[in-house]
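Since the structure comes first, as structure tokens, the remarks are kept for the end.
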Amino acid sequence: MDPPDTGTSLRWSTMKKVAIVGCGGSGKSHVARELGRILDAPVTHLDAAFYDDEWNALPMDKFTDVQRELVAQPRWVIDGNYNSTLQVRLEACDTVVLMDVSTVAALYGIFSRQIRHGAGHKGNGVHNRIHWGVIKYVATYRRKMRPRVMAKIEEFGSGADVVLLANRRQTRRWLRKVAAEES
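In structure tokens:
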């Protein structure tokens, strides 16, 4: 797979269907909200589609159907990993934004979000909860999950532009470029 673009050559005007993936705490939800605002596109946080307020999960077939309905729309920004259904989004998107921050930055992200927002569902489509499973997932994401996500992007996202954002500064810079191009 060719190295992903850092956004310098991306054709902004074609960005209508955006899949944002990456580790918890990497900034996916922030980027999704900003891109939705900039592109005037509806934003879906997959946690909000997968879980109810009591953290009960949808059956996987229904969750897949929900995503198929979402990606059938003419414009969207979808934030979330869910590797088991990533193919649905990758085959439909024109842009993949891979939030590829370090493990330390992602751990900082989940803990600082917890401090800022507390636990539970906050009405913005994002559930905040930290337990050992979440910490372990974030701590091992780059070693275990990232290679699987990259393989799926290569296999199913071949028609999409891929933007890799490795840190918060690069993310802010990229969002400013997109906003300037769209205005």
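Residue 3 is where the sequence shown starts when you use this note's numbering, and the numbers rise one by one after that.
Beta carbons are placed, not taken as given, at the ideal position from N, Cα and C, and that holds for glycine.
Quick caveat: nothing in here was measured; it's all calculated off a predicted structure.
Which listed residue (Gly26, Ala21 and Met17) has its alpha carbon closest to that of Phe113: If you number the sequence shown from 1, residue 113 lands on position 111. Considering only alpha carbons, the answer is Gly26.
Helix, strand or coil for Lys138 per DSSP? Mapped onto the sequence shown, residue 138 falls at position 136. It is helical.
Would you be able to state if there are at least three C-beta pairs under 8 Å between the segment 53-72 and the segment 135-143? no
Cα-Cα separation, Cys95 to Met17: Translated into the one-based positions of the sequence shown, residue 95 becomes position 93. Translated into the one-based positions of the sequence shown, residue 17 becomes position 15. So the alpha carbons of these two residues sit roughly 9 Å apart.
Along the chain, where does the beta strand (DSSP E) containing Leu60 start, and where does it finish? As a working mapping, residue 60 is identified with position 58 in the sequence shown. No beta strand (DSSP E) contains Leu60, which DSSP labels as neither H nor E.
What's the call for Gly82, buried or exposed, on a 16-neighbour Cβ count within 10 Å? In the sequence shown, counting from the first residue as 1, residue 82 sits at position 80. Burial call: buried.
Would Pro5 be called buried (16 or more neighbouring beta carbons within 10 Å of its own) or exposed? Along the sequence shown, read from residue 1 onward, the residue named residue 5 stands at position 3. Bear in mind that a pLDDT of 45 at Pro5, under 50, signals an unreliable position, so the number given afterwards is only what the model happens to contain. Burial call: exposed.
Since Ala21 is in the alpha helix (DSSP H), which residue starts that stretch and which ends it? The residue labelled residue 21 in the question sits at position 19 within the sequence shown. From DSSP, Ala21 is part of no alpha helix (DSSP H) but of the beta strand (DSSP E) over Lys19 to Gly24.
I think Val180 touches Ile40, with their Cβ atoms under 8 Å apart; what is that distance to the nearest whole Å? Within the sequence shown, residue 180 is the residue found at index 178, counting from 1. Within the sequence shown, residue 40 is the residue found at index 38, counting from 1. With 8 Å as the limit, Val180 and Ile40 qualify as a contact, their Cβ atoms being about 6 Å apart.
Helix or strand or just coil, what does DSSP make of His123? Residue numbering aside, residue 123 sits at position 121 when the sequence shown is read from its first letter. Low per-residue confidence applies at His123: pLDDT is 48, beneath 50, and the placement is therefore not dependable enough to give any value.
Please report the straight-line C-alpha distance between Gln225 and Arg35, rounded to a whole angstrom. Residue numbering for the chain in the displayed model covers 3 to 185; residue 225 lies beyond these limits and cannot be assessed.
Rounding to the nearest angstrom, what Cα-Cα distance links Thr10 and Arg175 in this structure? In the sequence shown, the residue the question calls residue 10 occupies position 8. In the sequence shown, the residue the question calls residue 175 occupies position 173. Because Thr10 carries a pLDDT of 45, less than 50, the predicted location of this residue cannot be relied on, and the following value inherits that uncertainty. If you take the alpha carbons of Thr10 and Arg175, they lie about 10 Å apart.
Under DSSP, the alpha helix (DSSP H) around Asp49 begins and ends at which residues? To locate residue 49, count along the sequence shown from 1; it is residue 47. From DSSP, the alpha helix (DSSP H) with Asp49 extends over Leu48 to Phe52.
With a CB to CB cut of under 6 Å and the five nearest residues on each side skipped, what residues in its chain are close to Leu177? Taking the sequence shown and counting its residues from 1, one reaches residue 177 at position 175. Once the five neighbours on either side are set aside, the close Cβ partners of Leu177 are Glu36.
Might you give, ordered along the chain, the residues of its own chain that have their beta carbon closer than 6 Å to the beta carbon of Ile22, omitting 5 neighbours on each side? Position 20 of the sequence shown holds residue 22. Hits under 6 Å: Lys30, Val33, Ala34, Asp81 and Val99.
Cutting at 6 Å between CB atoms, please list the residues of its own chain near Asp102, excluding the five before and the five after it. Here residue 102 refers to the residue found at position 100 of the sequence shown. Answer for Asp102: Leu166 and Ala168, listed in chain order.
Can you list, in chain order, the residues of its chain whose CB lies under 8 Å from that of Lys154, leaving out five sequence neighbours each side? Within the sequence shown, numbered from 1, the residue matching residue 154 stands at position 152. Result list for Lys154: Asn85, Leu88, Gln89 and Leu92, in chain order.
Coarse secondary structure for Val128, derived from DSSP in three states: Looking up residue 128 in the sequence shown gives position 126. For Val128, the pLDDT reaches just 48, beneath the cut-off of 50, and the residue's location in the model is therefore unreliable, although a value from the coordinates is still provided. The answer is coil: DSSP assigns Val128 none of H, G, I, E or B.
Just to confirm the assignment, what range does the alpha helix (DSSP H) spanning Val103 have? As a position in the sequence shown, residue 103 is number 101, starting the count at 1. Here Val103 belongs to no alpha helix (DSSP H), and DSSP marks it neither H nor E.
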